[in-house]
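Q:
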Amino acid sequence: MEEFKFYLEATKEIGYIDSFSHSVAFVSGLPSLKQEEMIVTESGKRGIVHGLKKDFAEVLMIESEDLKVGEKVTKTGRPFEILVGEGILGRIIDPVGRPLDNLGPIEGERKPKKIKEPAPSIMERKMINVPFETGVMIVDLFVPLGYGQRELIIGDAKTGKTTFLLQTIVSQVKKGTICVYVGISKKDTAIKLVEEYLKRKRAFKKTVIVHTTPDDSATLNYLAPYSGMAIAEYFREKNKNVLIIFDDLTTHAKIYREISLLLKRNPGRDCYPGEIFHVHAALLERAGNIKRNGKEISITALPVAETLENDLSGYIQTNLMAMTDGHIFFDIVEFRKGKRPAVNIFLSVSRVGNQTKSKIEKELANFLRKKLLDFKRISEFVKFGTELSPESQKILEFGKKIETLFNQTSETTIERETQIILLGLLISDFWKEKSQKEMKKEIDKILKASEKKILPSLGIEIERIKDLDHLKFLIEEILPTIERILKKI
Amino acid sequence: MESEIFEEFSKKFLTKQDLAFCLDEIGTVEKFVFQKIELPLSEKVKGKISEDFLIFIQELERKNLISKNPERNKKFFENLKKHLLKIPQLKIEIAFEPKRNFLKKILDFFEKNFQQKVILDVRVNPEIVGGIIFEFGGKIFDFSLSKKIEKMILG
Chain P
0 MEEFKFYLEA TKEIGYIDSF SHSVAFVSGL PSLKQEEMIV TESGKRGIVH
50 GLKKDFAEVL MIESEDLKVG EKVTKTGRPF EILVGEGILG RIIDPVGRPL
100 DNLGPIEGER KPKKIKEPAP SIMERKMINV PFETGVMIVD LFVPLGYGQR
150 ELIIGDAKTG KTTFLLQTIV SQVKKGTICV YVGISKKDTA IKLVEEYLKR
200 KRAFKKTVIV HTTPDDSATL NYLAPYSGMA IAEYFREKNK NVLIIFDDLT
250 THAKIYREIS LLLKRNPGRD CYPGEIFHVH AALLERAGNI KRNGKEISIT
300 ALPVAETLEN DLSGYIQTNL MAMTDGHIFF DIVEFRKGKR PAVNIFLSVS
350 RVGNQTKSKI EKELANFLRK KLLDFKRISE FVKFGTELSP ESQKILEFGK
400 KIETLFNQTS ETTIERETQI ILLGLLISDF WKEKSQKEMK KEIDKILKAS
450 EKKILPSLGI EIERIKDLDH LKFLIEEILP TIERILKKI
Chain D
0 MESEIFEEFS KKFLTKQDLA FCLDEIGTVE KFVFQKIELP LSEKVKGKIS
50 EDFLIFIQEL ERKNLISKNP ERNKKFFENL KKHLLKIPQL KIEIAFEPKR
100 NFLKKILDFF EKNFQQKVIL DVRVNPEIVG GIIFEFGGKI FDFSLSKKIE
150 KMILG
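Those protein sequences? They're chains P and D, same order as listed. Under numbering that gives the first Met the number 0, the residues of the first sequence are numbered 0 to 488, in order. Under numbering that gives the first Met the number 0, the residues of the second sequence are numbered 0 to 154, in order.
(1) Give the list of continuous beta strand (DSSP E) stretches no shorter than 3 residues that lie fully inside the segment 288–336 of chain P.
(2) Tell me the rounded alpha-carbon separation between P/LEU242 and D/ILE93.
(3) Run the CB neighbour count on D/GLN16, radius 10 Å, all protein chains shown included, and call it buried at 16 or more, exposed below.
(4) On the CB-based measure, 16 or more other CB atoms within 10 Å of its CB, does P/THR188 come out buried or exposed?
(5) For a contact meaning CB atoms closer than 7 angstroms, what does D/ILE127 contact in chain P?
(6) Is P/LYS11 close to chain D, meaning its C-beta is less than 9 angstroms from at least one C-beta of that chain?
(7) Return the first residue and the last residue of the alpha helix (DSSP H) that P/ALA217 is part of.
(8) Give the straight-line distance between the Cα atoms of P/VAL39 and P/MET60, rounded to the nearest whole angstrom.
(9) Flag this pair as touching only if the segment 361–376 of chain P and the segment 166–186 of chain P have three or more C-beta atom pairs under 8 angstroms; answer yes or no.
(10) Note the first and the last residue of the continuous beta strand (DSSP E) segment covering P/PRO78.
(11) Span of the beta strand (DSSP E) holding P/ILE254?
(12) Taking 9 angstroms as the CB-CB cut-off, is P/LEU51 touching chain D?
(13) Helix, strand or coil: which one does DSSP assign to P/SER18?
(14) Using beta carbons (cut-off 9 angstroms, strictly below), is D/PHE140 in contact with chain P?
(15) How big is the Cα-Cα spacing for P/GLU462 and P/GLU305?
(16) How long is the line joining the alpha carbons of P/ILE442 and P/ILE401, rounded to whole angstroms?
(17) Starting from D/LYS103, trace the beta strand (DSSP E) both ways and give me its first and last residue.
(18) Please list, in chain order, the residues of the segment 0–30 of chain D that have any C-beta partner in chain P closer than 7 angstroms.
(19) Just curious, the alpha helix (DSSP H) that P/PHE366 is in, first and last residue?
(20) Could you please give the first and the last residue of the uninterrupted beta strand (DSSP E) stretch that includes D/SER143?
(21) Leaving aside the five residues before and after P/MET228 along the sequence, list all residues of the same chain whose C-beta is less than 7 angstroms from its C-beta, in chain order.
(22) Taking 9 angstroms as the cut-off, decide whether the C-beta atoms of P/GLU106 and P/GLU414 are in contact.
(23) Assuming contact is defined by CB atoms lying nearer than 9 angstroms, are P/PHE334 and P/THR480 in contact in what I supplied?
(24) Give a yes or no on whether 9 angstroms exceeds the smallest Cβ distance from D/GLU134 to chain P.
(25) Can you give the beta carbon distance from D/ILE118 to D/PHE20, rounded, assuming they're within the 8 angstroms contact cut?
(26) With a threshold of 9 angstroms between beta carbons, is D/GLY137 in contact with chain P?
(27) Closer than 9 angstroms, CB to CB, is P/GLY76 near chain D or not?
(28) Would you give the residue range spanned by the beta strand (DSSP E) that P/VAL172 belongs to?
(29) Which partner residues does D/LYS60 have in the DSSP bridge list?
(30) Taking C-beta to C-beta, are P/GLU360 and P/ILE315 nearer than 9 angstroms?
(31) Under three-state DSSP, which class holds D/PHE88?
(32) Going along chain D in order, which residues have a C-beta closer than 9 angstroms to the C-beta of P/LEU7?
(33) Measure the C-alpha to C-alpha separation of P/LEU32 and P/LYS74 and round it to an integer number of angstroms.
(34) On the three-state DSSP scale, how would you describe P/VAL278?
(35) Do you know offhand how far D/GLU180's Cα is from P/LEU260's?
(36) When you compare the CB positions of D/GLU60 and D/SER41, do they come within less than 9 angstroms of one another, or not?
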């Protein structure tokens, strides 16, 4: 009531709620109302102007319980803002900035930040040139990412998308990146699991979780990615690299469809409004690698899209593919076969990540991709009970070894150099005479050694490794130390 | 011609209540438009509507603006309703129950200064102590005594 009186006194404009439907209100009056402006009702409820018609405004109400037709409304003259500060790190908040973790109010100085800002101009943007480590070997090798890239994470439900994203957060927090996880219409239990994982991996203190549940109003769910992006932009302004995850934008599209249908907008394909492409493109456009104050700084965006039985041709899914710099496809078929992470490297693509990779990483990727293709081809023949030549058996054996190497649990993240060492060991036939079980054990030991920082270094920068033979030579040099470590652990 | 008649007719209304009453009467008349089409409309609705409105209908018949053609009459009353509903409202909040004369003065003042026909939507609110609060076209003008007292106390 006090807030309403304050703004009424300041703006001297009044309006009335003519009608409402769920969280959408139609307001008359307020002659100088602007798009995206915040309004306040007499009972202190807030809303955001979504559309302006000749006689009324379409308002998305943030709080819509007990809304009354005829309720007085006034404008605030300000767009919707979220209070952001360092204090929100390690907290779970809703899109309005209210804490949801029962840890009391957010401490420290906070400043208001508009949730809908224009994307950085083309002049500010810089080429993506720094590799972005996810800590998941199969992705880092075959679908490499760069800081500032927008990569779509696509796949059926329960195929390990969120696990991969959490592994990425853990890897990036180690590198000093600030992470924003936006859980759109996620159950509390799902967010609790995210929180527990990040706390266990000591990555939570550098992460902000923006969370909405399916019970929240459509407005809150709709605003979640924008609030997340505003938080990401705040930290970018503080010269920190930021990773933002939108989990997931297919749900967000459904929420936007609900709002649009309530607003009686013409439905288009699959009943989505025509501007759904623009809504997501404008959001993701705010990410990227930019140069400010002489320093390159980035927001890397990983939006998630859910598919149904591996169908990549859905409307929202193809939209998102078109507006991102590639996609990582989590294949339900691979998942059912027991592959973890269930990334289908042949259907995944990274349009700008490859330019960030070193020569040796590119060579390794090409070599192993070819080997995997051969392995896949021969595996098909094996199904028919064909007798295999020794050459084919060799390919099959090596393919299995590659799969064993890339089979990575959700609890592990592998640093770039360790990845190169493991791949070097593979191509040097270190595990040629060993069974897959033995190989797995030794990989685990190497990863433990890497964690304890006792794994020997290659002694040269990755960028300076010339080719596969050079890598094999470097591996040969550190092999005695590795064998010693394997015996010791 | 039709719009001039509507303009003239709407001058009779001061408040939102007057308008609501008139719309109600138009609704009653509309029910009789298609009944006994051989009779004049004024005869059919006699005793069912106010004397003022009956005179208005009789006058319309004299000017041949409504006739025995029910379709035409229906259209006429629909247009009249549309016209009346388009009249903008001036919301006022005062501390006491106003007399009709007082409302007329406010309306005249407004129409004289803003050259616009309006309908008053009156709300009696003793909490404003005295003075008046206007609301028009989404703008609010608070000339209440309570506001002045509040300003005086709070500085």
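Glycine included, every Cβ here is placed at the ideal spot set by N, Cα and C.
A: Taking the structure as given:
(1) 294–306 and 325–329
(2) 58 angstroms
(3) exposed
(4) exposed
(5) Within 7 angstroms Cβ-Cβ: nothing; D/ILE127 doesn't reach chain P, min ~14 angstroms.
(6) yes
(7) 217–236
(8) 9 angstroms
(9) no
(10) 71–78
(11) Careful: P/ILE254 lies outside any beta strand (DSSP E), inside the alpha helix (DSSP H) at 248–261.
(12) no
(13) strand
(14) yes
(15) 36 angstroms
(16) 12 angstroms
(17) Looking at the DSSP string, D/LYS103 is not in any beta strand (DSSP E); the run it does join, the alpha helix (DSSP H), is 99–113.
(18) none
(19) 358–381
(20) 138–143
(21) ILE243, LEU282 and ARG285
(22) no
(23) no
(24) yes
(25) Actually they do not touch by this definition, with Cβ atoms about 12 angstroms apart.
(26) yes
(27) no
(28) Careful: P/VAL172 lies outside any beta strand (DSSP E), inside the alpha helix (DSSP H) at 160–173.
(29) The amino acid occupying residue 60 of chain D in the given sequence is Glu; Lys does not appear at that position. Answer is none; D/GLU60 lacks a bridge partner.
(30) no
(31) What sits at residue 88 of chain D in the sequence shown is Gln, not Phe. The answer is strand: DSSP assigns D/GLN88 an E or B state.
(32) ILE139 and ASP141
(33) 7 angstroms
(34) helix
(35) Not covered by the structure: residue 180 of chain D. The range shown for chain D is 0 to 154.
(36) yes
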